[in-house]
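The sequence shown: position 228 = 228 (my numbering), numbered continuously. Shown next, in structure tokens, is the structure this report addresses.
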Amino acid sequence: MSKTISIDARICPICRGLASHKTFPYDINFDDVKYSYVACSVCKSSYITPFPDKSSLGKIFSKDNYHNIHYSHSNLGRYNQSIKLIESFDKSTNKRVLDFGCGSGDFLLVLKHHGYSPVGVEVDPSTVLLDQAVAPVITPNELFYGKKWGDSTFDVIYMNDVLVHLPNPIELMNNLNKLLSKTGIVVIEGPLENNNSLVYFISFFWGYLKRLLNNKPINLPPTHFIRLNACNQLMLFTQSFPKYKILLWDVYDTGWPYVNGGILKRIVANIAISMSGRSFFGSIYGNRFRIVLSK
Numbered sequence: 001m002s003k004t005i006s007i008d009a010r011i012c013p014i015c016r017g018l019a020s021h022k023t024f025p026y027d028i029n030f031d032d033v034k035y036s037y038v039a040c041s042v043c044k045s046s047y048i049t050p051f052p053d054k055s056s057l058g059k060i061f062s063k064d065n066y067h068n069i070h071y072s073h074s075n076l077g078r079y080n081q082s083i084k085l086i087e088s089f090d091k092s093t094n095k096r097v098l099d100f101g102c103g104s105g106d107f108l109l110v111l112k113h114h115g116y117s118p119v120g121v122e123v124d125p126s127t128v129l130l131d132q133a134v135a136p137v138i139t140p141n142e143l144f145y146g147k148k149w150g151d152s153t154f155d156v157i158y159m160n161d162v163l164v165h166l167p168n169p170i171e172l173m174n175n176l177n178k179l180l181s182k183t184g185i186v187v188i189e190g191p192l193e194n195n196n197s198l199v200y201f202i203s204f205f206w207g208y209l210k211r212l213l214n215n216k217p218i219n220l221p222p223t224h225f226i227r228l229n230a231c232n233q234l235m236l237f238t239q240s241f242p243k244y245k246i247l248l249w250d251v252y253d254t255g256w257p258y259v260n261g262g263i264l265k266r267i268v269a270n271i272a273i274s275m276s277g278r279s280f281f282g283s284i285y286g287n288r289f290r291i292v293l294s295k
């Protein structure tokens with residue numbers, strides 16, 4: 001039987017506030033622990049509680065549980081958009097890029113093809129070994145505590161779908177600040193899982209309806225530790241990079257995951273995409289963000 005831990009077992013990783021109530025229709029069972037998503041009583045962001053211990057983290061982000069599942073399909077279209085985004089703002093000559101959370105290493109190949117000198121960072125040792133065939137790839141400990149990577153090493157720090165997997169995203173980004181050159185840029189992309197979106201509204205409604213009919217926990221690895229809206233996400237960046245200039249802040253919608261579903265789901269996804277980035281009642285609609293910052 002899974003262990004249940006109080007929703008106050010962990011403070012908010014964004015503002016340090018305390019949890020107020022559950023926000024996700026289902027609990028999650030993994031590695032004999034029951035996890036819940038709770039809302040911060042202060043900033044209203046959502047986060048997982050309890051936080052997985054070191055042993056569970058290793059299992060959650062193992063190659064079998066994570067990389068082989070979430071990197072099984074080509075993301076070439078998104079990678080091409082990401083490289084265009086970097087090239088639009090990067091004015092460096094050395095073109096040194098840190099891809100923090102490089103996954104299967106596909107974007108490292110794209111970076112090299114466009115003349116960049118990338119270094120990847122991944123937490124899973126077996127993934128690191130495989131990615132090293134593409135470019136230099138290291139673990140977070142090697143990055144922050146190794147002798148090779150000093151201050152002002154990189155011209156671009158890039159993260160894609162990484163922040164939601166971190167126990168303390170603000171602490172990580174403060175550490176990454178030191179590695180950025182004086183004229184460098186930070187490019188970050190990721191999901192907005194709690195942001196207003198047609199897909200979000202419908203999927204949340206169905207989630208709660210299913211919960212009324214079947215309140216059993218989900219048996220999956222809990223890979224996302226925070227769930228934010230556009231306001232929460234932007235606040236995280238202003239706290240982490242208070243002296244940086246925001247060169248680009250963009251909220252948009254991909255229709256995921258309905259865009260890959262049946263006819264009705266695809267119709268909903270296309271409507272959501274048509275509403276992408278528009279403001280309704282003071283809220284920007286979309287399920288993803290991208291931001292570019294400079295010193």
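Ideal Cβ placement from N, Cα and C applies to all residues, glycine included.
Close Cβ partners of residue 240 (< 7 Å) along its chain, the five nearest in sequence each way excluded | 170, 173, 174
Close beta carbons around residue 278, own chain, < 6 Å, minus the five adjacent residues each side = 285
Provide the residue span of the alpha helix (DSSP H) that contains residue 271, from first to last.
-> 263 to 274
When burial is assigned at 16 or more other CB atoms within 10 Å of the CB, is residue 16 buried or exposed?
-> exposed
Over what stretch of residues does the beta strand (DSSP E) that includes residue 169 continue unbroken?
-> Taken as a continuous stretch (DSSP letters only), residue 169 belongs to no beta strand (DSSP E), being part of the alpha helix (DSSP H) at 169 to 177.
Would you identify the three-state DSSP class for residue 124, choosing helix, strand or coil?
-> coil
Determine the contact status of residue 190 and residue 163, defining contact as a CB-CB distance below 8 Å.
-> yes
Segments of 4+ residues assigned as alpha helix (DSSP H) that fall wholly inside the region 38 to 111 = 54 to 60, 76 to 89
Bounding residues of the alpha helix (DSSP H) (the contiguous stretch that carries residue 141) = 140 to 145
Near residue 211, which residues of its chain fall below 7 Å by C-beta distance, leaving aside the five closest residues on each side in sequence?
-> 25, 26
Identify every residue that forms a DSSP beta bridge with residue 251.
-> 289
Would you call the CB atoms of residue 158 and residue 199 closer than 8 Å?
-> no
Chain-order list of residues whose beta-carbon lies under 6 Å from that of residue 249 (same chain, five-residue window excluded) | 291
Three-state secondary structure assigned by DSSP to residue 1 | Caution applies to residue 1, whose pLDDT of 41 falls short of 50 and renders its modelled position unreliable; the value that the coordinates give is listed next. Coil.
What are the boundary residues of the alpha helix (DSSP H) that includes residue 208?
-> 198 to 213
Identity of the residues DSSP links to residue 180 by a beta bridge = 154
What are the boundary residues of the beta strand (DSSP E) that residue 29 is part of?
-> 28 to 30
Provide the residue span of the beta strand (DSSP E) that contains residue 19, from first to last.
-> 19 to 22
Counted within 10 angstroms of its Cβ, other Cβ atoms place residue 160 as buried (16 or more) or exposed = buried
Reference residue 137; option with closest CA among 106, 11, 167, 152 = 106
Bridge partners - residue 218, DSSP secondary structure assignment | 28
Note the first and the last residue of the continuous alpha helix (DSSP H) segment covering residue 231.
-> 230 to 240
Assign residue 183 to buried or exposed, taking buried as 16 or more other Cβ atoms, counted over all protein chains shown, within 10 Å of its Cβ.
-> exposed
Check residue 194 in the structure and name its three-state DSSP category.
-> coil
Less than 8 Å between the CB atoms is what I'm expecting for residue 110 and residue 66, so what's the real figure, rounded?
-> Rounded, the Cβ-Cβ distance is 21 Å, inconsistent with contact.
For my contact list, residue 288 and residue 192 are in at a C-beta cut-off of 8 Å; report their separation, rounded to the angstrom.
-> 6 Å
Cβ neighbours of residue 260 in the same chain (closer than 7 Å, five flanking residues each side left out) | none
Can you tell me which of 203, 218, 214, 133 puts its alpha carbon nearest to the alpha carbon of residue 35?
-> 218
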